[in-house]
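In this note's numbering, the protein residues as written are 144 to 250.
Listed below in structure tokens is the structure:
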């Protein structure tokens with residue numbers, strides 16, 4: 144994939160990480176049986192702000208993640224891993240295309 148410029152690329156990567164963090168937070172909230180209102184009260188902020196945080200569109204800072212984790216009586220763990228190699232999908236393959244229509248074999 145070719146990115147038009149570095150800023151677009153960085154924004155896309157940051158957005159993906161924010162969505163992953165928001166998804167993990169929503170899962171933890173559900174696992175603890177807490178509502179967004181419960182979390183808002185524990186953090187001393189509005190439920191609307193919790194919705195923003197969990198939307199996946201927020202640029203969450205490490206500090207904000209730490210505050211949310213503290214309110215959920217949890218820890219934040221950041222792990223860096225090598226990116227797995229990208230495998231070519233069938234649709235991306237140069238051999239993918241129209242083929243001979245299926246014809247039943249005679250019995």
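Positions of the beta carbon are idealized from the N, C-alpha and C atoms, including for glycine.
Here's the rule: buried if 16 or more other CB atoms are within 10 angstroms of the residue's CB, otherwise exposed. What is residue i?
| i | result |
| --- | --- |
| residue 173 | exposed |
| residue 221 | exposed |
Compute the distance between the beta-carbons of residue i and residue j, then report whether it is under 8 Å.
| i | j | result |
| --- | --- | --- |
| residue 187 | residue 161 | no |
| residue 182 | residue 214 | yes |
| residue 218 | residue 157 | no |
To the nearest angstrom, how far is it from the Cα of residue i to the Cα of residue j?
| i | j | result |
| --- | --- | --- |
| residue 196 | residue 205 | 13 Å |
| residue 248 | residue 164 | Confidence is the limiting factor: at residue 248 the pLDDT is only 48, short of 50, which leaves the residue's position unreliable and the question unanswerable from this model. |
| residue 210 | residue 178 | 17 Å |
| residue 230 | residue 150 | 26 Å |
| residue 208 | residue 166 | 13 Å |
| residue 170 | residue 148 | 34 Å |
| residue 190 | residue 159 | 23 Å |
| residue 216 | residue 194 | 19 Å |
Relative to the C-alpha of residue i, which residue among the options is closest?
| i | options | result |
| --- | --- | --- |
| residue 175 | 212, 224, 230 | 212 |
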